[in-house]
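*Asks:* Numbering (this note's numbering), first residue to last: -11 to 298. So that we are looking at the same thing, I have put the structure below in C-alpha cells.
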Amino acid sequence: MKGIILAGGSGTRLSPSTDSINKHLLAVFDKPMIYYPLSVLMLGGIRDILIISTPEDKPRFEALLGDGSAYGINLTHMEQAEPNGIPEAFILGEDFIGDDDVALILGDNIFYGQGFTTLFRRALENHRYATVFGYRVKDPERFGVVEFDHRQKAVSLEEKPADPKSDFAVTGLYIFDSRVVNIAKQLTPSERGELEITDLNNQYLKRDQLDVQLLGRGFAWMDAGTHESLFEAAEFVKITQQRQGFKLACLEEISYYMGYISQHALFKKGKTMEKTDYGRYLIEIAKRKHTEQYWEEIDRNPMLGMVENE
C-alpha cells in the first residue's frame, strides 16, 4: 500500500496568511499542519508516501521532512503546477503508485478519535476496490454527500448539492486500487475546470465497487482550510493535549512506537528542540526506561547508545 498527501493548491481561503507560504506548512497549535495527515498514514502502517505540493513549496517540504529517514519512512516529493483537482494526484503519481493500492489524504484534513487507527487499519486490510469515509455534518451542502439505502449501502454521490440527500459528507481520506490512475485519466474537468473526486468515486460506485466507512460520534474530522476552521483545529489540539497529556500527530513518537526509530534517536531529536514543549515531550518519552544519569552519559558519548535506525 502506497500513500499520497495532496498538499498543493493556492490556499486562497486563508489569504493573506498563505500569500507567501503553503497553508499545509502553517501551524496547527504546536506543529505544522502536514504532520496531521502524515501521522494518519504512518499509523496505518504506510511507509512509502508521496507528498505533492506546489513548485514554490516543494523545497520547503523537503527542508521540513526530508526523505523521511528521520521517521523510518520513505518520502517522495513531487510538484503539482496548478490545482487541477484531487484526481490529478493519481495521474501525477502514476509511477510512484505502480501496481500497488494507494491511500490518499488531503493535507489540511485532521482526524481524531478513540479507535480511529484501528478502524483505518481494518479498512486498509479489508480494502478491495475503493473505500471512502463518511462523517455526519450540519452543513452537507458544502461537501461531497453520500446517500445510503436501508442497508446503509451507498447509492449516490453528489458534489455540494443544493438539496442534500443525506447529512454524511465524504472526508478527505480515500483508498483505491491501482486502477485509479487509468480511471482518473478518463475524467473530464468540471465547470470549474478541475477533475472532481466525486466523479472519480462515482466511477467506482457505478461498478458497485465503492465501500463507505462511517465515522461515528466518537470521531472528530476537521478541514483546516479557512481561518475559522484553522483556529478551531488549533484549539481542539491544544485542549486535547493539555487534558490528556499526550501529543496528537507527533511523528517522532509514532515512529518510535512503530519500531521505525530507536529510543536513542528519539532522545537525540528531542534534545535538538529541548527549549520547546514538543522537544521536552520527546525526551520524556525516551527517558521512560532509563535513568537521568544514563541519558546524560549518552548525550556526552552517543556511541554508547542503542543500535539505531536513523
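Glycine included, each C-beta is placed from N, C-alpha and C at the ideal position.
#1: Measuring CA to CA, which of Leu38, Ala91, Val125 is closest to Ala111?
#2: Run through DSSP, which three-state label would Ala111 get?
#3: What does DSSP give as the partner residue(s) for Tyr123 in the beta ladder?
#4: For Tyr100, report the span of its alpha helix (DSSP H) as first-last.
#5: Leaving out the 5 sequence neighbours to the left and right, which residues in its chain are closer than 7 Å to Leu175 when beta-carbon positions are compared?
#6: Is the stretch 116 to 130 close to the stretch 197 to 207, with three or more CB pairs under 8 Å?
#7: Check whether the Cβ atoms of Thr214 and Leu2 sit closer than 8 Å, and answer yes or no.
#8: What's the call for Asp227, buried or exposed, on a 16-neighbour Cβ count within 10 Å?
#9: Looking only at DSSP bridge pairs, what is His65 linked to?
#10: Kindly identify the DSSP beta-bridge partner or partners of Phe136.
#11: How many Å lie between Glu67 and Lys256 at the Cα?
#12: Express the C-alpha separation of His252 and Arg276 in angstroms, rounding to a whole number.
#13: Would you please state the rounded distance, in angstroms, between the beta carbons of Arg54 and Asn62? I believe it to be under 8 Å.
#14: Decide if Asp127 is buried, meaning its Cβ has at least 16 other Cβ atoms within 10 Å, or exposed.
#15: Here's the rule: buried if 16 or more other CB atoms are within 10 angstroms of the residue's CB, otherwise exposed. What is Thr260?
#16: If we count the other Cβ atoms within 10 Å of its Cβ and call it buried at 16 or more, is Val143 buried or exposed?
#17: What number of angstroms, rounded off, separates the C-alpha of Arg139 from the C-alpha of Phe156?
*Replies:* This is what the structure holds:
#1: Ala91
#2: helix
#3: Ala157, Leu203
#4: It is not in any alpha helix (DSSP H) - Tyr100 instead sits in the beta strand (DSSP E) that spans 97 to 101.
#5: Pro75, Leu183, Asp187, Leu188
#6: yes
#7: yes
#8: Before going on, a small fix: residue 227 reads as Ile here, not Asp. Ile227 comes out exposed.
#9: Ile39
#10: Ala142
#11: 32 Å
#12: 12 Å
#13: A small fix is needed here, since residue 54 is Gly in this sequence, not Arg. At roughly 11 Å, the Cβ-Cβ gap does not stay under 8 Å, so Gly54 and Asn62 are not in contact.
#14: exposed
#15: exposed
#16: exposed
#17: 15 Å
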